[in-house]
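When we follow UniProt numbering, the leftmost residue of the sequence shown carries the number 1, and every step to the right adds one.
For reference, the structure discussed in these notes is given below.
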Amino acid sequence: MAGGALKQKLGLLDLTLLGIGSMIGSGWLYAALNSAGYSGPLSGYSWALGAVIVLMIGLVFAELSASIPRAGGFVRYPNYSHGNLVGFVIGISALLAYTSTAGVEVEAVRQYAMYWWPALGHKDGSPTHIGFMMQIGLLIFFFLLNYWSVNFFGRINTIVTSIKFIVPIIAIVTFFGYFKSSNMAVPSTHPGGVHGVFESLTGAGIVFAYLGFRQAVDFASEAKNPQRNVPLAIILAMVASFIIYILLQFAFMGAVPSQLLDKNGWHGLTALFQSPYADLARSLGIAWLINLILIDAVISPAGTGNIYLAGASRVLFAWAKSGHLFKVFGQVDEKSGVPRGALWLSLILAIGWTLPSQFQVWGGLIAAVTSATVFTYMPGPVSAAVFRLRRPDIKRPFKLPAFIIISPLAFIASTLLVYWSGWAVNELLLPVFAIAWIGYALLGKKEAGMLDEIKRSLWLLVYYVGLYIISALGTFGGSGELGSVSAVVLLVILSIVVYYWGISCAYKEPIIPDESDEYQLDFESNMASVNS
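Okay, structure coming up:
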């Protein structure tokens, strides 16, 4: 029952659509409104900056995944370069990121479904008992799709992803017909300006909207010609998503009726519009567009939630393969080719994320999800630099140009994104990771080689502590004792010091295990279904 293996069945189109299918999820349904609330007409800068930051991170992982294709690569690369302690802590962040994302997407489905069935939620958007049952039912449905590896959904994957493209494009064209340039002169005052541009990256869900690129990395083991197709899929998915999102942003803002904007301002609209695009269509009297948007509002986040529930099982599978989780989660059902134990755990954790009261609406959970995800990416540039320096023999079909510049910049950008997530998020997440580091070190203190593990990973603990202090004193929800410029300068210094420290204390000659048996596992039908 557990002797199966991964088969390389996903081509460039599959991987690209997997990434786009992840990006065009709940992000397009809410991010434009939330970004306008934070930064008003400056929202375009937020989308552009977010795209550049995530693309830098994505290109680093493109080199990693092309040279070392592994299922759940985000968890395994730090393990290869720095050892079990670093791999364990990053596994914690990946676990939080992937399972919470599935919860975010089902919340988005429910909130838009409230337009048809108000009994699913309260006026503030939080779920009723019926709403909770709907969310749990959706997650169970995703679980079953992945559990049985249904081929039917694989065959309609491209069609469903096309629908996810078509509806936003129809919305763009329609709303631009109502475009009023005067709207673009109305600033946001919450907080507005440059501060609003930065805060909206995480708080409005902009970076979250782009994070689907990681799916091409997670499923590299299941890709045909991964050395070529994985990096190309990342770039294609990022470019396509950026174009769609920037057009959606300006189409939305330009179409808002002047009387509503004058009365409420950009931030006030976030309370007025529970289902942003459907509510905008209603305010403009476009009845036919309302139902079209509502249908897509179920398809898009549901498809993305399915992707991330499947992705969470791959991360747990990778974590178990690295020795950080019970072996049962690293086993694959021979008949279906699905890591069913990992999938069960993914379902339980995804349900758990929707329970805390502050996370019961899309906007309440989004910053935490984004921050947890960025923590998963953070060690990637360090690991990539270690492999470049100490394993030059590794074949690199895709070699990132200007690596010496882009890699540290990607690390710095990751740090800034976490800081911009705000103190309310960081005061919860950073202690979790620090405690995970300390707990692993203490529990394994008698094991042979633990002192070396600590030496190879101390940079990570210092990074968490430093970031915690700066966030607590900063202007993004902190005490404000550190001004904006001072905080950024300190964060850049911290990032540079930790980046090169992390490189210097890695394995002298990282060992990349031969895990070619993975390539025989059959996730094809399961993965092909994830956009449906």
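Where a beta carbon is used, it is the ideal one built from N, C-alpha and C, also for glycine.
Check: Buried or exposed by the 16-neighbour rule on C-beta atoms within 10 Å, applied to glycine 19; Outcome: buried
Check: Assigned exposure category for serine 100 - 16 Cβ within 10 Å defines buried; Outcome: buried
Check: Extent of the continuous alpha helix (DSSP H) run through tyrosine 115; Outcome: Tyrosine 115 -> no alpha helix (DSSP H), and no H or E assigned at all.
Check: Residue from Gly352, Ser414, Ala66 and Pro431 with nearest C-alpha to isoleucine 136; Outcome: Gly352
Check: Own chain partners of leucine 12 with C-beta closer than 7 angstroms, once the 5 adjacent residues on each side are dropped; Outcome: Asn229, Leu232 and Ala233
Check: Same chain, Cβ closer than 8 angstroms to glutamate 427, neighbours up to 5 away in sequence not counted; Outcome: Tyr468, Ser471 and Ala472
Check: Stretch pair the region 113-127 + the region 391-400: three plus CB contacts closer than 8 angstroms; Outcome: no
Check: Under the three-state DSSP convention, the category leucine 482 falls into; Outcome: coil
Check: Burial state of phenylalanine 329, where buried means 16 or more other Cβ atoms lie within 10 Å; Outcome: buried
Check: Whole beta strand (DSSP E) elements within the region 272-344, 3-residue minimum; Outcome: none
Check: Sheet register partners of leucine 10 (DSSP bridge); Outcome: Ala223
Check: From Asp333, Arg314 and Gly341, residue whose alpha carbon lies closest to that of phenylalanine 326; Outcome: Gly341
Check: Span of the alpha helix (DSSP H) around histidine 82; Outcome: 73-82
Check: Reference isoleucine 90, options Glu447, Leu429, Gly480 and Trp501, closest by Cα; Outcome: Leu429
Check: Proline 257 in three-state terms, based on DSSP; Outcome: coil
Check: Valine 197 versus serine 43: straight-line alpha-carbon distance, rounded; Outcome: 7 angstroms
Check: Rounded C-alpha distance that separates serine 300 from isoleucine 235; Outcome: 21 angstroms
Check: Helix, strand or coil at proline 41 [DSSP, three-state]; Outcome: helix
Check: Span separating the alpha-carbon of valine 492 from that of isoleucine 412; Outcome: 6 angstroms
Check: Three-state class that DSSP yields for proline 187 in the structure shown; Outcome: coil
Check: Cβ neighbour criterion (16 or more within 10 Å) applied to histidine 129; Outcome: exposed
Check: Bridge partners - proline 127, DSSP secondary structure assignment; Outcome: Gly121
Check: Secondary structure of residue 538, DSSP reduced to three states; Outcome: One cannot answer for residue 538 here, as it falls past the ends of the chain, which runs 1 to 532.
Check: Test item: CB-CB of leucine 54 and valine 194 under 8 angstroms; Outcome: Before going on, a small fix: residue 54 reads as valine here, not leucine. No. Outside cutoff.
Check: Rounded separation between isoleucine 348 and aspartate 262 - CA only; Outcome: 45 angstroms
Check: Simplified DSSP state of aspartate 514, which is helix, strand or coil; Outcome: coil
Check: Residue closest to leucine 460, alpha-carbon to alpha-carbon, out of Trp423, Ala185, Ser484 and Tyr499; Outcome: Tyr499
Check: Assumed close pair isoleucine 293, valine 106 - CB separation to whole angstroms, cut-off 8 angstroms; Outcome: Contact flag wrong, Cβ pair sits at about 18 angstroms.
Check: Beta-carbon proximity of valine 75 to glycine 83, cut-off 8 angstroms; Outcome: no
Check: Per-residue burial, threonine 16 [other beta carbons within 10 Å of its own, 16 or more giving buried]; Outcome: buried
Check: Where lysine 263 falls: helix, strand or coil (DSSP); Outcome: helix
Check: Buried/exposed call for isoleucine 295, threshold 16 Cβ in 10 Å; Outcome: exposed
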